[in-house]
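One structure is given below, encoded as structure tokens.
Residue numbers (this note's numbering): 1499 to 1627.
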């Protein structure tokens, strides 16, 4: 089994699809599947799934055709950030970088020390995401 790759997006990020049949669509990441290197984006890559009719409790029946989001490869999405251009806010795609920033950490006994933490930054604007 290969080592698990760290993905450039997280659950809750706004992304734009840059390749495939859903190219150009935007949405929020619902779920991240790091083992398969895929993400599920709200409203993107919708497929119809046929479910078998089963007897539910209390006499109800479930089944039929359900439309739901299917996973899309993480390389086919780009993170969206908001920038201000000519006094208007607009969403643009950006690559993701990482910076190490110094922070104050606290030990269980209450004392503090200087430590480092990795933060995601936008390659386009240089700002922390």
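All C-beta atoms in this analysis are idealised placements derived from N, C-alpha and C, irrespective of residue type, glycine included.
Quick one: grab the DSSP three-state call for residue i.
i, result
"residue 1542", "coil"
"residue 1572", "helix"
"residue 1618", "strand"
"residue 1556", "helix"
"residue 1518", "coil"
"residue 1504", "coil"
"residue 1627", "coil"
With distance defined between alpha-carbon atoms, name the residue in the options nearest to residue i.
i, options, result
"residue 1578", "1522, 1566, 1561 and 1529", "1522"
"residue 1624", "1552, 1608 and 1581", "1581"
"residue 1514", "1561, 1570, 1562 and 1606", "1570"
"residue 1572", "1511, 1535 and 1543", "1535"
Identify, in the order they occur along the chain, each residue of the same chain with its Cβ nearer than 6 Å to the Cβ of residue i, setting aside the five sequence neighbours on each side.
i, result
"residue 1506", "1594"
"residue 1540", "1525, 1526 and 1528"
Would you check if the distance between the CB atom of residue i and the CB atom of residue j is smaller than 8 Å?
i, j, result
"residue 1509", "residue 1529", "yes"
"residue 1537", "residue 1590", "no"
"residue 1566", "residue 1532", "no"
Please return the same chain residues whose Cβ sits closer than 8 Å to the Cβ of residue i, not counting the five positions on each side in sequence.
i, result
"residue 1613", "1600, 1601, 1602 and 1603"
Please list, in chain order, all residues of the same chain as residue i whose beta carbon is under 7 Å from its beta carbon, the five residues on each side excluded.
i, result
"residue 1519", "none"
"residue 1517", "1574"
Assuming residue i is part of the beta strand (DSSP E), what are its boundary residues?
i, result
"residue 1523", "From DSSP, residue 1523 is part of no beta strand (DSSP E); its letter is neither H nor E."
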